[in-house]
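Protein sequences appear in the order of chains A and B. According to the numbering used here, the first sequence holds residues 1 to 153 in order. According to the numbering used here, the second sequence holds residues 1 to 786 in order.
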Amino acid sequence: MAISIKVNGQEHTYDGDPSIPVLWYVRDVLDMHGTKFGCGTGQCGACTVHVDGKATRGCLLSLESVAGKEITTIEGLDPNGNHPVQKAWRAHNVPQCGYCQAGQIMSAASLLADNPKASGEQIEQQMAGNICRCGCYQRIQAAVESAASEMEG
Amino acid sequence: MYRHIEQAIEAELNGEPAAADSLPLATGFIEKVSRRKFLKISGGSAAMALAMQIVPGSALAYDPYPTGAEGMPHKTVIDPQVFVAIDADGTVTLTTHRSEMGTGARTSVPLALADEMEADWSRVKLRQAEGDEPKYGNQDTDGSRSLRHYLQPMRQMGASVRLMLEQAAAQKWGVDVSLVKAENHEVHMKDGSKSIGFGEVAADAMAMELPAFEDLTFKTDDEFRYLGKGEVPMYDLHDITTGKARYGADITLDGMKFAAVARPGVVGAKVISVDDTEAMKIPGVERIVKIAGSMPPAKFAPLGGVAVVANNTWAAIKGRDALKIEWSDSPHSTFNTAAYADEMRATAKKPGKVLRKVGDPDAAFANAKRVFSQEYYQPHMQHAQMEPLVAVADYKEGKLDIWAPVQSPYGARTDTAAALGMDPKDVRVEVSLLGGGFGRKSKCDYVIEAALVSKEIGAPVKLQWTREDDVRGGFYHTTSVERLEAALDSNDKVVGWRHRSVSPTLFSLFVEDPGHTSALEGGMGLVDTPIGVENLVAESGEAKAHTRVGWFRSVSNIPRAWGVQSFIAELAHDLGRDPKDMLIELIGPDRKIDPVAADMKDLWNYGEPYEEFPNDTARLRGVIELAAKKAGWGKDLPKGEALGIAAHRSFVTYVATVVRVKVDDNGNVSIPETHMAVDCGFCGNPERVASQMEGAAVMGMTLAMHSSINHENGAVTNSNFHDYPVVRINSYPKQVHTHIVEHPFSVHATGIGEPGVPPFAPALANAIFAATGKRYRDLPFGENVG
Numbered sequence: 001m002a003i004s005i006k007v008n009g010q011e012h013t014y015d016g017d018p019s020i021p022v023l024w025y026v027r028d029v030l031d032m033h034g035t036k037f038g039c040g041t042g043q044c045g046a047c048t049v050h051v052d053g054k055a056t057r058g059c060l061l062s063l064e065s066v067a068g069k070e071i072t073t074i075e076g077l078d079p080n081g082n083h084p085v086q087k088a089w090r091a092h093n094v095p096q097c098g099y100c101q102a103g104q105i106m107s108a109a110s111l112l113a114d115n116p117k118a119s120g121e122q123i124e125q126q127m128a129g130n131i132c133r134c135g136c137y138q139r140i141q142a143a144v145e146s147a148a149s150e151m152e153g
Numbered sequence: 001m002y003r004h005i006e007q008a009i010e011a012e013l014n015g016e017p018a019a020a021d022s023l024p025l026a027t028g029f030i031e032k033v034s035r036r037k038f039l040k041i042s043g044g045s046a047a048m049a050l051a052m053q054i055v056p057g058s059a060l061a062y063d064p065y066p067t068g069a070e071g072m073p074h075k076t077v078i079d080p081q082v083f084v085a086i087d088a089d090g091t092v093t094l095t096t097h098r099s100e101m102g103t104g105a106r107t108s109v110p111l112a113l114a115d116e117m118e119a120d121w122s123r124v125k126l127r128q129a130e131g132d133e134p135k136y137g138n139q140d141t142d143g144s145r146s147l148r149h150y151l152q153p154m155r156q157m158g159a160s161v162r163l164m165l166e167q168a169a170a171q172k173w174g175v176d177v178s179l180v181k182a183e184n185h186e187v188h189m190k191d192g193s194k195s196i197g198f199g200e201v202a203a204d205a206m207a208m209e210l211p212a213f214e215d216l217t218f219k220t221d222d223e224f225r226y227l228g229k230g231e232v233p234m235y236d237l238h239d240i241t242t243g244k245a246r247y248g249a250d251i252t253l254d255g256m257k258f259a260a261v262a263r264p265g266v267v268g269a270k271v272i273s274v275d276d277t278e279a280m281k282i283p284g285v286e287r288i289v290k291i292a293g294s295m296p297p298a299k300f301a302p303l304g305g306v307a308v309v310a311n312n313t314w315a316a317i318k319g320r321d322a323l324k325i326e327w328s329d330s331p332h333s334t335f336n337t338a339a340y341a342d343e344m345r346a347t348a349k350k351p352g353k354v355l356r357k358v359g360d361p362d363a364a365f366a367n368a369k370r371v372f373s374q375e376y377y378q379p380h381m382q383h384a385q386m387e388p389l390v391a392v393a394d395y396k397e398g399k400l401d402i403w404a405p406v407q408s409p410y411g412a413r414t415d416t417a418a419a420l421g422m423d424p425k426d427v428r429v430e431v432s433l434l435g436g437g438f439g440r441k442s443k444c445d446y447v448i449e450a451a452l453v454s455k456e457i458g459a460p461v462k463l464q465w466t467r468e469d470d471v472r473g474g475f476y477h478t479t480s481v482e483r484l485e486a487a488l489d490s491n492d493k494v495v496g497w498r499h500r501s502v503s504p505t506l507f508s509l510f511v512e513d514p515g516h517t518s519a520l521e522g523g524m525g526l527v528d529t530p531i532g533v534e535n536l537v538a539e540s541g542e543a544k545a546h547t548r549v550g551w552f553r554s555v556s557n558i559p560r561a562w563g564v565q566s567f568i569a570e571l572a573h574d575l576g577r578d579p580k581d582m583l584i585e586l587i588g589p590d591r592k593i594d595p596v597a598a599d600m601k602d603l604w605n606y607g608e609p610y611e612e613f614p615n616d617t618a619r620l621r622g623v624i625e626l627a628a629k630k631a632g633w634g635k636d637l638p639k640g641e642a643l644g645i646a647a648h649r650s651f652v653t654y655v656a657t658v659v660r661v662k663v664d665d666n667g668n669v670s671i672p673e674t675h676m677a678v679d680c681g682f683c684g685n686p687e688r689v690a691s692q693m694e695g696a697a698v699m700g701m702t703l704a705m706h707s708s709i710n711h712e713n714g715a716v717t718n719s720n721f722h723d724y725p726v727v728r729i730n731s732y733p734k735q736v737h738t739h740i741v742e743h744p745f746s747v748h749a750t751g752i753g754e755p756g757v758p759p760f761a762p763a764l765a766n767a768i769f770a771a772t773g774k775r776y777r778d779l780p781f782g783e784n785v786g
């Protein structure tokens, strides 16, 4: 039976293997490439998407488990790419290679939606699921903190 | 780097230090070739559209200088018609021919051209060059060479185009060119009477004859608009934050299939039989394709195995996992990490092959009152770049198109052509952004696999490695034991110095394993040591590779700095000395090391002419003192906190690192602050230099505490981030402060991508010792010292 799903506000149906992870569904089926493959085991966060607004690892999430739910990918975070987290990322020149950054941004956006007053320590704890091998953490932390103050203010 | 390595191998096997233009070691120095003569020689190179020459009396803002670029395959191409296009609307399109993997090279290299031509960066677009070195010059993006080799050619092209634009405007206005000036994307009359946009004169300008070098003028440093400022963000910054940036897997072709490959666990093992019954039941799986294997030395040939082709990546991976394959044995099936480390330690205790000898070290050790010695170990490591290997290939009617994240696009093109028995002119390689590289994406086995599968199935294919494939199918950073010995006289003066390195060579990828560290690897902190002890010997102990040994960011500098910089701190402690003072004292008086007198005439100097890029101990001392001062070396710190220092020259750049550690009552180590002092000559983009140092600190912490690729019976036992962990945001080194030694353009720009890594681990271990009295000599040592 076909699965219905909403991605970035658009309705889709899929009648292939229902166990396909959301990561591969958005990448290979919908041809949306902002969500990245990093480890396939939920350890690196490169594939982070929002499911009904909550940051979730797309590589372990079967499509059937999110049937009828609303998925947001980096492409749908903000129509103009100007979510406070995205703006903060640019202001702080966060990325190096950039590959993990979509996942980082999706995690940060979800974290701040839940807790706009997140402390430095809370940011560290909640962003610890996202690996950056280039080592941009110093700037990630600074960017999340400044996005938090923008969202609060 | 690797084609440079191949040249080095050829030179070594021929018993020569190196041919002057293939491996410019100390060429300029040894042959006493003056800079002017060198320039004239390299200026004669056919590959250069414009020769770089010093013309007496010309109004140059800087003296052009030779670099190792002319020793690289296909050297440099200095031709504005190749790199610059200007539309009638004023849009300037610059071709950027270096791969972007996080250093910012894709932006910083053309930025130099834009600056010199007075283009407004906001009106510049970048076009990524396909792999074509005869057209663009060398494209190997490794060895920390992008700015070091291309600042000058870019400026020369910028100055040429600026003059052509001025000439076109002057012609249009019927005035002498001396009356006009190009500035910020337009040409104006110097008297302010007229101005015209670049776009309006572009067609005429680009049709001009290329100006002679002696007619060019160059900006003075204070005229730079972008260079040295660090105010221009990476070209792809916006796209990266919105998910639009395109990496290796982010292309879709009509009719494209998806593939994943089952590879042997042990290098050299072959498929005996394959049962695909279960794999073919996976929805979406279409077929399997066998890939022939290889045994080192086989350069970047695929490991071989069985590819599963499907209609999406997930199905391909599931299908691959469902294959039942019987593998043959391999001569490397006996390789075990622990036993091999013991062998290396045993070898390190015996005399090795002498690579450099000054004075009479044997007598110094024989007559010593006391010998202080220690050994330092580092296991194999893997790059673990965030983007697992991936390539898209489309073989059709004798032509092959490739899209891939590659550090060496032309190398990938020629190697893939060779693997498929094709002419390179029938192969095209388009370069995506690289989701990290660190040396792994210089080796194109994944590209060859995709090409082979595409040819076999007659359709385009995206071939994706999983994280496990990436961890287990690596070209691993060498493992090593570094043994250091100091001979002390009755006054505790260091009168003899021995450094013996036991480390399998990456040359074993290319030729039958020589069993010793190569001149290239020896030049990374072993033979080129700045230690000024009068009786000194550098040796290599024999070690044969049992896996594919490749290069990893900063290569052999990692184990060498780990050994030397840890040892110096240990020696200082033993003698009751301050480690920073001891380090400076051992380096000795300020000098540019004379490679002949110091028995380093075969020195690998990162491919750079030694006379232009000498080993200058004053600059090394300079960064040590700068980092120490900024970190407050010697100040009182709270209980459980301490500083550690280390310094190292690599990629002709000098870096000193002071790490402050905090060890809590449970032995957990955190790093509240780090100061890194960098002397990289002229700094083209300080903002990206800082980001490279911050990243190097994280990578240095990771390799110090976590990184070990472990082999059992020839196979890697690690698989993913749970057993090959990397530092995360909950433990990263906080407050990394980068202090850049400021220099004018005339002080040659040197490497940046790699030199920050080597000093970090020893600085950290030295700080932990200072805080706790616990000394680590084996990497990785974990994050708890309790």
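All C-beta atoms, glycine included, are put in the ideal place defined by N, C-alpha and C. Since this is a predicted model, take the numbers as computed values, not measurements.
Item, Value
"Residue 101 of chain B: contacting residues in chain A (beta-carbon distance under 7 Å)", "97"
"Spatial distance of residue 380 of chain B from residue 723 of chain B (CA atoms)", "14 Å"
"Bridge-paired residues (DSSP) for residue 13 of chain A", "A:4"
"Beta-carbon proximity list for residue 708 of chain B, same chain, < 6 Å, skipping 5 on both sides", "379, 780"
"Distance between beta carbons of residue 95 of chain A and residue 174 of chain A, contact taken as under 8 Å", "Limits of chain A in this structure are 1 at one end and 153 at the other, which puts residue 174 of chain A out of reach."
"Which of helix, strand or coil DSSP assigns to residue 213 of chain B", "helix"
"Check whether residue 5 of chain A and residue 105 of chain A have beta carbons under 8 Å apart", "no"
"Inter-residue Cα distance where the pair is residue 506 of chain B and residue 413 of chain B", "22 Å"
"CB contact below 8 Å: residue 50 of chain A versus chain B", "no"
"Chain B contact for residue 73 of chain A (CB, 8 Å cutoff)", "yes"
"Status (buried if at least 16 other CB within 10 Å, exposed otherwise) for residue 272 of chain B", "exposed"
"Neighbouring residues, chain B, relative to residue 21 of chain A (Cβ below 8 Å)", "314"
"Three CB pairs or more closer than 8 Å across the segment 146-160 of chain B and the segment 184-202 of chain B", "no"
"Residues, ordered as in the chain, of the segment 242-258 of chain B that lie near chain A by beta-carbon distance below 9 Å", "242, 243, 244, 245, 246, 247, 249, 250, 251, 252, 258"
"Length of the line joining the Cα atoms of residue 291 of chain B and residue 255 of chain B", "22 Å"
"Interface partners of residue 307 of chain B on chain A, CB under 7 Å", "Those do not exist, as residue 307 of chain B stays about 17 Å from chain A at its closest Cβ, beyond 7 Å."
"Reduced DSSP secondary structure (H/G/I, E/B, other) of residue 60 of chain A", "coil"
"CB contact below 8 Å: residue 136 of chain A versus chain B", "yes"
"Which of helix, strand or coil DSSP assigns to residue 50 of chain B", "Caution is warranted here: a pLDDT of 37 is assigned to residue 50 of chain B, below 50, making its placement in the model unreliable, and the coordinate value is therefore given only provisionally. Three-state result, residue 50 of chain B: coil."
"With 16 other Cβ atoms within 10 Å as the buried cut-off, status of residue 66 of chain B", "buried"
"Contact set between the segment 100-115 of chain A and chain B, restricted to residues whose Cβ is under 7 Å from the partner", "100, 101, 102, 105"
"Supposed contact pair residue 711 of chain B and residue 547 of chain B - C-beta distance, whole angstroms, cut 8 Å", "7 Å"
"DSSP three-state assignment for residue 648 of chain B, whether helix, strand or coil", "strand"
"7 Å Cβ shell around residue 330 of chain B - same chain, five flanking residues per side excluded", "266, 267, 268, 269, 714"
"Per-residue DSSP class, three states only, for residue 340 of chain B", "helix"
"Simplified DSSP assignment, three categories, for residue 674 of chain B", "strand"
"Own chain residues within Cβ distance below 7 Å of residue 90 of chain B, not counting five before or after", "123, 185, 197, 198, 199"
"Rounded straight-line distance, which links the Cα of residue 509 of chain B to that of residue 299 of chain B", "5 Å"
"Environment of residue 108 of chain B [buried if 16+ CB atoms lie within 10 Å]", "buried"
"Pairwise C-alpha distance: residue 127 of chain B and residue 765 of chain B", "44 Å"
"Inter-residue Cα distance where the pair is residue 167 of chain B and residue 615 of chain B", "43 Å"
"Interfacial residues, the segment 679-691 of chain B to chain A, with Cβ spacing under 8 Å", "687, 691"
"Within 8 Å, strictly: CB atoms of residue 556 of chain B and residue 524 of chain B", "yes"
"Under 7 Å by beta carbon: chain A residues contacting residue 385 of chain B", "133"
"Cβ pair count under 8 Å reaching 3, the segment 339-357 of chain B against the segment 580-588 of chain B", "no"
"Those runs of the alpha helix (DSSP H) which lie wholly inside the segment 686-758 of chain B and span at least 4 residues", "686-705"
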